[in-house]
Every structure is written in structure tokens, then in C-alpha cells.
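*Asks:*
Numbering (the UniProt record's numbering), first residue to last: 1 to 443.
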């Protein structure tokens with residue numbers, strides 16, 4: 001008896017068009033372009049000649065649909081979804097915490113998604129013991145979106161270049177603040193230049209806008225059309241080509257001088273550099289890692305960054321206003337990350353139990369510590385790193401020894417043998433959201 005012929009296999013073309021688009025949305029733009037070259041039908045499906053095709057919208061929805069309102073970004077006919085994909089792919093790495101390099105002023109910047117923009121805010125401790133002493137001020141800094149013409153725009157709040165948080169607070173108006181947190185007045189156009197995914201530079205947008213010559217622009221496009229350019233090197237080249245092109249140098253200087261006179265010195269911005277804080281939250285394997293806040297011995301709210309190195313060591317640094325180095329000063333370190341587990345010795349129990357937990361007078365002492373000690377870690381004060389003679393001058397090596405007490409609620413405190421205090425640290429952010437934010441009290 002002859003066997004029946006096997007069922008014909010279903011090809012990609014047999015799927016409904018919406019299913020095909022859904023499958024293709026998992027691809028990158030370069031992969032979609034390669035697929036579109038296989039046939040005229042697939043070229044039409046991929047919308048090669050239509051920057052607002054259903055596939056571009058599906059690709060945007062796949063990556064950022066849960067983060068922002070994509071159709072709000074593209075409200076203008078000139079703002080196509082292909083252009084939106086390009087800009088969001090470039091800006092996506094901004095989301096999270098960044099640290100300012102160099103000059104004084106608030107050192108932390110936090111970027112988050114808005115309904116039709118990406119907003120960057122300066123983050124620094126709130127004055128006057130707000131929020132039980134752990135309140136955090138969140139003030140407008142950068143805004144990135146699309147113009148009515150569909151062009152990428154970056155705007156800086158003029159207070160963002162203040163040298164201290166006190167100066168910054170004086171620049172924030174009490175009214176005329178948009179839902180994004182920015183006043184419509186006095187916003188300064190800036191240029192955001194990426195040096196890879198972990199470093200960007202904010203520069204005066206007026207001077208950068210016309211600084212690139214046709215010659216350098218054409219050369220950049222030629223390089224990027226090759227197969228394929230290294231993204232980091234391409235971004236670095238873009239940054240420096242605008243400043244080293246022989247034909248563009250004089251024009252750029254003339255433009256810079258012209259804009260200085262037009263907008264005044266208060267609006268002319270020196271380049272600001274920022275580096276990304278990649279690991280700002282703890283993990284099960286690295287419970288101390290991330291950004292934290294705590295009341296220091298000076299009775300001030302401070303920010304702390306705890307990092308694990310590649311060989312298993314831990315370093316804690318203070319992130320605060322100050323000069324280039326004092327604003328990022330070491331606090332404690334250890335090369336041995338083995339915790340002491342419960343039950344603890346009598347000596348360790350007394351070492352913790354006889355200490356005072358630092359808290360502001362205005363806060364409620366009953367809310368200072370409510371968690372039990374889960375584990376203990378031996379640490380060393382970073383004074384012996386920053387000031388090598390500090391321990392030797394006292395003749396007591398215990399002067400630099402200390403402990404980290406990990407609590408059962410996921411937070412921790414630390415203290416040193418040289419004093420009788422515990423600095424309790426709390427999270428600055430959890431699940432991508434800032435905690436104890438007091439922005440509404442300022443604006």
C-alpha cells in the first residue's frame with residue numbers, strides 16, 4: 001500500500017503578516033536590512049522605503065514599549081519610528097546612575113524614562129533632616145527628546161552647572177515647571193557625546209551644532225558605511241574629529257566666540273564628563289554592592305558607593321560634593337569577603353552591642369535600627385590607604401580595623417575600632433526607582 005505524501009512544510013511567507021512582523025521585530029536593524037535584500041516582497045514587508053512602517057513600530061515596542069509611550073515621542077509626522085529607534089538605541093544606556101568627574105557640585109545624576117522623553121536629575125542629600133534624615137533631593141538637570149521636526153534635542157537646566165547644591169537650589173523657580181520637571185524658560189541646548197557606553201560628555205550645544213564641517217561629516221559617514229565600524233572607536237572619533245579637523249577648527253572657534261557673546265558667560269558651558277555606575281544595587285552574591293546613603297560622624301547625610309573588584313575585594317567610597325579627589329574619597333576596604341556567621345562570639349556581640357547608631361536629633365530613635373544582625377565582615381579603614389602614616393603614628397594597628405554588620409532586611413552598617421559608632425546605610429534606589437525623594441518640596 002502506497003504511503004500518503006507528507007504534508008508540505010510551512011514557509012515564513014505562509015504566516016500572516018502580523019506574525020511575520022512580530023518575528024522580525026526580534027532582529028536588529030542590520031539583520032532586517034539583510035533579510036529585506038532576499039526578495040522584493042520581504043523588502044516591502046520590512047518597509048525599507050517607509051521609515052514609519054509597522055515593523056519599525058514593532059521593533060520599538062519590543063525594546064522600549066514597557067518603559068515609555070512610543071507614540072507620544074512620534075507625535076510629529078517628521079518624527080518617524082525609524083528615527084525614534086535610532087535615538088532610543090543611542091540613549092538607552094543613559095538609564096541609571098552616573099557620576100560627575102572633576103568639578104564641585106552634586107556628583108550623582110540619575111536618568112529615567114518619561115512618557116515622551118528621558119530625564120536626568122541631580123541627586124544629593126536633602127538639607128534640614130528631611131525624611132528622618134535620609135531624604136534625597138532630585139532636581140532637574142538634563143532632558144532628551146525629539147523636536148517637532150523629529151530631530152534629537154538635549155536641554156540642560158541652567159542650575160546644572162552650579163558649583164554646589166546650595167547654589168543649585170537658588171536656581172530652581174517655584175513655578176512654570178512642566179510635567180517633566182523642567183521649566184520652559186532658560187533651558188540651554190547642549191550636545192551629548194558618548195565615549196562608549198559608560199562615559200559621556202555634556203558640551204555647549206550652540207558651539208557644537210555648527211562645529212562639524214561638511215568634510216568631516218562626509219568622512220564620518222564613509223567610515224560608518226564600512227563593514228562594520230567599531231562603535232566605541234566611532235564615537236570617540238566623532239567626539240574628537242569636530243575639534244581637530246583643520247578646516248573646521250577656525251570656524252568652530254569663531255562660532256564659540258559668537259555664542260559666548262550672544263548668550264552670555266552664564267550660559268556658556270565648559271565640557272562636563274560623566275561615568276556610569278553600572279552596579280548600583282546589591283545582588284545575592286554581592287550583598288554590599290551598590291549605592292547607599294547614611295548619616296556620617298559629622299551628622300550629615302552622605303552617599304556611599306560599594307564596589308567588588310575582580311579578585312573578590314570590596315571597596316567603599318564616599319560620593320559627595322567637593323574637589324576632584326575629595327568628592328570621591330575612600331571609606332573602607334577588605335580583601336577577604338568571608339562573613340562571620342551566627343552564632344557570634346561574646347567579643348563580637350559586645351563590639352556591636354556597645355555602639356551607638358548615628359542618627360539626627362530630629363529623627364525618631366525607635367526607627368533607627370529595627371533589623372537584626374545577620375552576618376559580620378571584617379574591614380579596614382581606608383585611612384591607612386589615603387594617609388599611610390595614620391595607623392603607624394598611633395602605634396596601634398587596630399586603629400584602622402572595623403566591622404560591617406549585615407542586617408536581615410538587606411541593609412548594613414559599618415564602624416571602626418577607633419570610635420564607638422555605627423553608620424547605618426540604606427538604599428538610594430530599588431528596582432530602578434529612587435527612594436525618599438523630596439523633589440516636590442523644592443519646586
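Just so you know, even glycine gets a beta-carbon here, dropped at the ideal spot from N, CA and C.
Rounded to a whole number of angstroms, what is the C-alpha to C-alpha distance between residue 141 and residue 123?
*Replies:* Residue 141 sits at position 141 when you count from the first residue of the chain shown. Residue 123 sits at position 123 when you count from the first residue of the chain shown. Each residue's Cα considered, the two are about 10 Å apart.
*Asks:* Relative to the C-alpha of residue 67, which residue among 83, 437, 432 is closest?
*Replies:* Sequence index remark: in the chain shown, residue 67 carries index 67 (1-based). Here the closest residue by C-alpha is 432.
*Asks:* Residue 342: buried (16+ other C-beta within 10 angstroms of its C-beta) or exposed?
*Replies:* Walking along the chain shown from the start, residue 342 turns up at place 342. So residue 342 ends up on the exposed side.
*Asks:* With residue 479 as the anchor, note down where its beta strand (DSSP E) starts and where it stops.
*Replies:* Coverage of the chain is limited to positions 1 through 443, which leaves residue 479 absent and any answer about it impossible.
*Asks:* Out of curiosity, what's the CA-to-CA distance linking residue 307 and residue 90?
*Replies:* One-based indexing of the chain shown puts residue 307 at position 307. One-based indexing of the chain shown puts residue 90 at position 90. Whole-angstrom Cα-Cα distance: 27 Å.
*Asks:* Can you list, in chain order, the stretches of the beta strand (DSSP E) that have 3 or more residues and sit fully within the stretch 87-162?
*Replies:* 96-101, 108-113, 118-125, 136-146, 152-156
*Asks:* Under three-state DSSP, which class holds residue 216?
*Replies:* The sequence position of residue 216 within the chain shown is 216, counting from 1. Confidence in residue 216 is poor, its pLDDT being 34 and thus under 50, which makes the residue's placement too unreliable to answer from.
*Asks:* Since residue 60 is in the alpha helix (DSSP H), which residue starts that stretch and which ends it?
*Replies:* If you number the chain shown from 1, residue 60 lands on position 60. Following the DSSP letters along the chain, one finds residue 60 inside the alpha helix (DSSP H) bounded by residues 54-64.
*Asks:* If we define contact as Cβ-Cβ less than 9 Å, is residue 39 a contact residue for chain C?
*Replies:* Absent here is chain C; the protein component of the structure consists of one chain.
*Asks:* Taking all protein chains shown into account, decide if residue 291 is buried (16 or more other Cβ within 10 angstroms of its Cβ) or exposed.
*Replies:* For this step, residue 291 is matched to residue 291 along the chain shown. Result: buried.
*Asks:* Could you tell me which of 19, 405, 299, 115 sits nearest to residue 350, measuring between CA atoms?
*Replies:* As a working note, residue 350 is residue 350 in the chain shown. For residue 350, the nearest C-alpha among the options comes from 405.
*Asks:* Tell me the DSSP secondary structure of residue 281 in three-state form.
*Replies:* As a position in the chain shown, residue 281 is number 281, starting the count at 1. Taken through DSSP and simplified to helix, strand or coil, residue 281 comes out as coil.
*Asks:* Could you tell me how far apart the beta carbons of residue 334 and residue 379 are, in whole angstroms, since I believe they sit closer than 8 Å?
*Replies:* Counting from one through the chain shown, the residue named residue 334 turns up at place 334. Counting from one through the chain shown, the residue named residue 379 turns up at place 379. Their Cβ separation, rounded to whole angstroms, is 5 Å, which keeps residue 334 and residue 379 in contact under 8 Å.
*Asks:* DSSP three-state label for residue 205, please.
*Replies:* Translated into positions along the chain shown, residue 205 becomes position 205. Three-state result, residue 205: helix.
*Asks:* Tell me the rounded alpha-carbon separation between residue 79 and residue 288.
*Replies:* Residue mapping note: residue 79 aligns to position 79 of the chain shown, counting from 1. Residue mapping note: residue 288 aligns to position 288 of the chain shown, counting from 1. Roughly 44 Å between the two C-alpha positions.
*Asks:* Based on the DSSP secondary-structure assignment, which residues constitute the bridge partners of residue 199?
*Replies:* Here residue 199 corresponds to residue number 199 of the chain shown, with the count starting at 1. Paired residues: 275.
*Asks:* Rounded to whole angstroms, what's the CA-CA distance from residue 217 to residue 45? Just pull it up for me.
*Replies:* Numbered from its first residue, the chain shown carries residue 217 at position 217. Numbered from its first residue, the chain shown carries residue 45 at position 45. Any reading at residue 217 must be qualified, since the residue scores a pLDDT of 37, below 50, and its modelled position is unreliable; no value is offered.
*Asks:* Can the beta-carbon of residue 319 be found less than 9 Å from the beta-carbon of residue 272?
*Replies:* What you label residue 319 is simply residue 319 of the chain shown in a count that begins at 1. What you label residue 272 is simply residue 272 of the chain shown in a count that begins at 1. Cβ atoms of residue 319 and residue 272: not closer than 9 Å.
*Asks:* Let me know the secondary structure DSSP gives residue 193 once reduced to three states.
*Replies:* On the chain shown, position 193 is the one that residue 193 refers to. Here residue 193 sits in strand by DSSP.
*Asks:* Over the uninterrupted alpha helix (DSSP H) stretch that includes residue 401, give me the two end residues.
*Replies:* For the purposes of this step, residue 401 is taken as residue 401 along the chain shown, with counting starting at 1. Residue 401 -> not in any alpha helix (DSSP H); beta strand (DSSP E) instead, spanning 401-407.
*Asks:* Looking at the structure shown, is residue 303 part of a helix, part of a strand, or coil, going by DSSP?
*Replies:* Here residue 303 refers to the residue found at position 303 when the chain shown is read from its first residue. Here residue 303 sits in strand by DSSP.
*Asks:* Can you tell me whether residue 37 is buried or exposed? The criterion is at least 16 other CB atoms within 10 Å of its CB, across all chains shown.
*Replies:* Indexing the chain shown from 1 puts residue 37 at position 37. Exposed, since its Cβ has fewer than 16 Cβ neighbours within 10 Å.
*Asks:* What residue range does the alpha helix (DSSP H) around residue 21 cover?
*Replies:* For the purposes of this step, residue 21 is identified with residue 21 of the chain shown, where counting begins at 1. 17-24 is the span of the alpha helix (DSSP H), which, as asked, contains residue 21.
*Asks:* With residue 317 and residue 304 assumed to form a contact (beta carbons below 8 Å), what rounded beta-carbon distance in angstroms separates them?
*Replies:* Here residue 317 corresponds to residue number 317 of the chain shown, with the count starting at 1. Here residue 304 corresponds to residue number 304 of the chain shown, with the count starting at 1. Cβ atoms of residue 317 and residue 304 come within 8 Å of each other, at about 7 Å.
*Asks:* From the DSSP output, which residues share a beta bridge with residue 359?
*Replies:* As a first step, residue 359 must be located in the chain shown, where it is residue number 359. BP columns for residue 359 are empty, so no partner.
*Asks:* Counting only the same chain and skipping the five closest in sequence on each side, list residues whose C-beta sits under 6 Å from that of residue 394.
*Replies:* On the chain shown, residue 394 is found 394 positions in, with the first residue counted as 1. Reliability fails at residue 394, whose pLDDT of 49 lies under 50, so the model's placement of it is uncertain and the value that follows must be treated cautiously. Closer than 6 Å at Cβ, skipping near neighbours: no residue.
*Asks:* Measuring CB to CB, does residue 121 end up less than 9 Å from residue 138?
*Replies:* By one-based count along the chain shown, residue 121 stands at place 121. By one-based count along the chain shown, residue 138 stands at place 138. Yes, the Cβ-Cβ distance between residue 121 and residue 138 is below 9 Å.
*Asks:* On the DSSP bridge assignment, give the partners of residue 308 in chain order.
*Replies:* Translated into positions along the chain shown, residue 308 becomes position 308. DSSP lists 314 as partners of residue 308.
*Asks:* Output the boundary residues of the beta strand (DSSP E) element that contains residue 373.
*Replies:* Within the chain shown, numbered from 1, the residue matching residue 373 stands at position 373. Residue 373 -> beta strand (DSSP E) spans 373-381.
*Asks:* Excluding the 5 residues flanking residue 21 on each side, which residues of the same chain have their C-beta closer than 6 Å to its C-beta?
*Replies:* As a first step, residue 21 must be located in the chain shown, where it is residue number 21. Answer for residue 21: 54, 55, 58, listed in chain order.
*Asks:* Is residue 114 closer than 9 Å to residue 126 when the C-beta atoms are compared?
*Replies:* For the purposes of this step, residue 126 is taken as the residue at position 126 of the chain shown. For the purposes of this step, residue 114 is taken as the residue at position 114 of the chain shown. With a cutoff of 9 Å on beta-carbon distance, residue 126 and residue 114 are scored as not near each other.
*Asks:* Would you say residue 97 and residue 280 are within 9 Å of each other, going by their C-beta atoms?
*Replies:* Reading the chain shown from its first residue, position 97 is the one you call residue 97. Reading the chain shown from its first residue, position 280 is the one you call residue 280. Yes.
*Asks:* Could you work out which residue in 62, 63, 145, 32 is closest to residue 49 when comparing CA atoms only?
*Replies:* The count along the chain shown starts at 1 and reaches residue 49 at position 49. It is 32 whose Cα lies nearest to the Cα of residue 49.
*Asks:* Hey, how far is the Cα of residue 282 from the Cα of residue 42?
*Replies:* Along the chain shown, read from residue 1 onward, the residue named residue 282 stands at position 282. Along the chain shown, read from residue 1 onward, the residue named residue 42 stands at position 42. Approximately 46 Å, taken between the alpha carbons.
*Asks:* Just how far apart, CA to CA, sit residue 426 and residue 358?
*Replies:* For the purposes of this step, residue 426 is identified with residue 426 of the chain shown, where counting begins at 1. For the purposes of this step, residue 358 is identified with residue 358 of the chain shown, where counting begins at 1. Counting only the Cα atoms, residue 358 lies some 13 Å from residue 426.
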